[in-house]
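302 is the number that numbering that gives the first Met the number 0 gives to position 303 of the sequence shown; each next residue is one higher, with no gaps.
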Amino acid sequence: MALFERDTDIYRDRDALREDYQPEQLVGRDEELQTYQAAFQPVINGEQPNNVFLYGKTGVGKTAATKYLLSHLREDAAQYDDLDLTVILLNCDGLTSSYQIATRLVNTLRSESNQISTTGYPLASVYEMLWEELDECGGTILVVLDEIDHVNDDSILYQLPRARANGNLSEAKIGLIGISNDFSFRDDLSPKVKSSLCEQEIHFPAYNAENLRAILEQRAEVAFHEGVLSEEVIPLCAAYGAKDAGDARQSIDLLMKAGDLARDEQTDSITEEHVRRGRRALERGRIKEGINGLTEHGHLVLYALLTLDLEGETPIRSRDVRPRYTRFAELANRDPLVPRRMRDHLSELAMLGIVSVTERNEGRRGGTYREYALDMDVELILSAMAETIELVGVHDSVAPYVEGDEEMTTLNDFGSA
Numbered sequence: 000m001a002l003f004e005r006d007t008d009i010y011r012d013r014d015a016l017r018e019d020y021q022p023e024q025l026v027g028r029d030e031e032l033q034t035y036q037a038a039f040q041p042v043i044n045g046e047q048p049n050n051v052f053l054y055g056k057t058g059v060g061k062t063a064a065t066k067y068l069l070s071h072l073r074e075d076a077a078q079y080d081d082l083d084l085t086v087i088l089l090n091c092d093g094l095t096s097s098y099q100i101a102t103r104l105v106n107t108l109r110s111e112s113n114q115i116s117t118t119g120y121p122l123a124s125v126y127e128m129l130w131e132e133l134d135e136c137g138g139t140i141l142v143v144l145d146e147i148d149h150v151n152d153d154s155i156l157y158q159l160p161r162a163r164a165n166g167n168l169s170e171a172k173i174g175l176i177g178i179s180n181d182f183s184f185r186d187d188l189s190p191k192v193k194s195s196l197c198e199q200e201i202h203f204p205a206y207n208a209e210n211l212r213a214i215l216e217q218r219a220e221v222a223f224h225e226g227v228l229s230e231e232v233i234p235l236c237a238a239y240g241a242k243d244a245g246d247a248r249q250s251i252d253l254l255m256k257a258g259d260l261a262r263d264e265q266t267d268s269i270t271e272e273h274v275r276r277g278r279r280a281l282e283r284g285r286i287k288e289g290i291n292g293l294t295e296h297g298h299l300v301l302y303a304l305l306t307l308d309l310e311g312e313t314p315i316r317s318r319d320v321r322p323r324y325t326r327f328a329e330l331a332n333r334d335p336l337v338p339r340r341m342r343d344h345l346s347e348l349a350m351l352g353i354v355s356v357t358e359r360n361e362g363r364r365g366g367t368y369r370e371y372a373l374d375m376d377v378e379l380i381l382s383a384m385a386e387t388i389e390l391v392g393v394h395d396s397v398a399p400y401v402e403g404d405e406e407m408t409t410l411n412d413f414g415s416a
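Have a look at this one:
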């Protein structure tokens, strides 16, 4: 008997649940796709492309919609002899500066034998090389910068959209597509960049349960054998996804985790219990991974918000989180960050789905501001923050959750926090 045999009971095509799977049709995004498609129309007309800025939380279809439309745009553009279209898709995760993006673009356009070093050049020289490569490529070039909020300076976001107007390009027509998970990223751009990059803005709102159900049904039809799913599985996965910030990726991952559990147990169906167990497993893994990836100050900000949440002080503004965070930083013998950098950590926590954000508008008097609250199980968060709690001390609010750990110091030993 073979040690490894193919599964035939649960999955027909498990890859249909993977992140890189491209469905033939996108569901739940009709309005956004219509607006996005209209923004690409100048490309087919042979005109200067629009610059487009997409924003919305993680898992709401921004990247999927971009890849879907660009795939169709390439196919349709190939029908016209006078249209030469090039698409460059770059994920900015791990790229924090305009210099890094510019060098990556130069190397994308060059052959492997003619790559440039990622360090050692003045930025102006890298831009000159980029203009040369873009003009040599010619035609219409769409540059997609996904997760653009990782970039700390906005030089490239000004230079690319205005390269032709500034006389840096004569042959190539450039269109820039920026995709951001961070709602505050646009607000922090300089006015000149906003006017260039954000000439066409498209907001992708969170999916609701109905949207998610349609997405899951579409994937499940391809992924699973007929009759494998119990009738409550997809509605439950969709309900959890709607609760978790309307994230389609999380709903699909949950459906796949439930399928994997059923396959591992060698059962012939996927049930509600598989979904519930799968959710607990994914949540533990996601929180641990997200928190482990935070900087030390990210941990301190999260600990401050956690204690305030347990005290019933949330939703809370960042300015009211700051005193608690500052105290914790001092207890950890760290210099507190300036308010803006502390807010950046709150935004990162929101992107990870650990914290929820509510926009408030109180008109002229109160202005617009954000309020933050914990959006995850307390015990799961604490299980990933043992080092931070040990460094700062056990706050009164979390003491009931860490009872029995005699090695941890309570904050009473340091005074109030």
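By construction, the Cβ of each residue, glycine as well, lies at the ideal position given by its N, Cα and C atoms.
Q) How long is the line joining the alpha carbons of L305 and H71, rounded to whole angstroms? A) 46 Å
Q) What residue does the beta strand (DSSP E) around E358 start on, and which one ends it? A) V354 to N360
(Q) Under DSSP, the alpha helix (DSSP H) around E200 begins and ends at which residues? (A) Segment Q199 to H202 is the beta strand (DSSP E) holding E200; no alpha helix (DSSP H) there.
Q) What first and last residue would you give for the beta strand (DSSP E) that runs through N90? A) L84 to N90
Q: Could you work out which residue in T117, R17, R248 and L94 is closest to T57 when comparing CA atoms only?
A: R248
Q: Give every residue of the same chain whose Cβ lies closer than 7 Å to the Cβ of Q158, excluding the five residues on either side of it in the sequence, and list them in chain order.
A: Y126
Q) If you drop the 5 nearest sequence neighbours on each side, which residues of the same chain put their C-beta closer than 7 Å to that of R28? A) G60 and A64
Q: Starting from the C-beta of Y67, find all residues in its chain whose C-beta is less than 7 Å away, skip the five residues before and the five after it, and write them out in chain order.
A: Q21 and L25
Q. With 16 other CB atoms within 10 Å as the buried threshold, where does D412 fall?
A. With a pLDDT of only 45 at D412, under the threshold of 50, the placement of this residue in the model should not be trusted, and no figure is reported.
Q: Could you round the C-beta distance between A244 and N207 to whole angstroms and report it? I think they count as a contact, below 8 Å.
A: Not quite, the Cβ-Cβ distance comes to about 11 Å (not below 8 Å), so this is no contact.
Q) Excluding five sequence neighbours on each side, which residues of the same chain lie with their C-beta closer than 6 Å to the C-beta of F52? A) G177, L196, C197 and E200
Q) For the ligand HEM, is there a heavy atom less than 7 Å away from the beta-carbon of M375? A) For the structure depicted, the ligand HEM is absent and the ligand set is empty, with no information on it obtainable.
Q. What's the gap between the Cα of D152 and the Cα of Y302?
A. 29 Å
Q. Ordered along the chain, which non-local residues of its own chain (more than five positions away) have a Cβ less than 6 Å from that of L88?
A. V143
Q) What residues are listed by DSSP as bridge partners for S371? A) Per the sequence shown, the amino acid found at residue 371 is Tyr instead of Ser. In DSSP, Y371 forms a bridge with I315 and V356.
Q: Grab me the residues of S97's own chain with a C-beta within less than 8 Å of its C-beta, minus the 5 sequence neighbours each way, in chain order.
A: L122, V150, D152, D153, S154, I155, L156 and Q158
Q.
Closest to R218 by C-alpha separation, out of D14, G366 and L293, would be which residue?
A. D14
Q) Based on the DSSP output, what are the partners of V274 in its beta bridges? A) Paired residue(s): none; V274 is not in a bridge.
Q. Which first and last residues belong to the alpha helix (DSSP H) in which K61 is found?
A. K61 to A76
(Q) Between D148 and F184, how many whole angstroms is the CB-CB distance? I'm expecting something under 8 Å. (A) 4 Å
Q: Consult DSSP for Y10 and reduce its assignment to one of helix, strand or coil.
A: strand
(Q) For S415, which residues in the same chain have their Cβ closer than 8 Å to its Cβ, ignoring the five residues on either side in sequence? (A) Note that S415 scores 47 on pLDDT, short of 50, meaning its location in the model is unreliable and no value can be drawn from it.
Q. How would you write the range of the alpha helix (DSSP H) that F39 sits in, first residue to last?
A. D29 to I43
Q) Rounded to a whole number of angstroms, what is the C-alpha to C-alpha distance between E216 and D19? A) 18 Å
Q.
Please state the DSSP three-state secondary structure of Y79.
A. coil
Q. By the 10 Å Cβ neighbour count, where 16 or more other Cβ atoms means buried, how is T62 classified, buried or exposed?
A. buried
Q) Hey, which unbroken runs of the alpha helix (DSSP H) at 4 residues or more fall wholly within the stretch 192-232? A) 208-222
Q: Could you say which of K256, N106 and D181 lies nearest to Y10 if we only look at CA atoms?
A: K256
**Q.** In DSSP terms, what Y54 is bridged to
**A.** S179 and H202
Q | Distance between L336 and L133 (C-alpha atoms, nearest Å) | A | 40 Å
Q. Going by C-alpha distance, which of A162, K172 and D6 is nearest G137?
A. K172
Q: Please name the residue in D12, R283, D75 and R161 whose C-alpha comes closest to that of E378.
A: R283
Q: For T118, name the three-state secondary structure that DSSP assigns.
A: coil
Q: Check V320 in the structure and name its three-state DSSP category.
A: helix
(Q) Tell me whether the stretch 350-364 and the stretch 284-294 touch, counting them as touching only if at least three CB pairs, one residue from each stretch, are closer than 8 Å. (A) yes
Q: Within 10 angstroms of the Cβ of T357, are there 16 or more other Cβ atoms? Answer buried if so, exposed if not.
A: exposed
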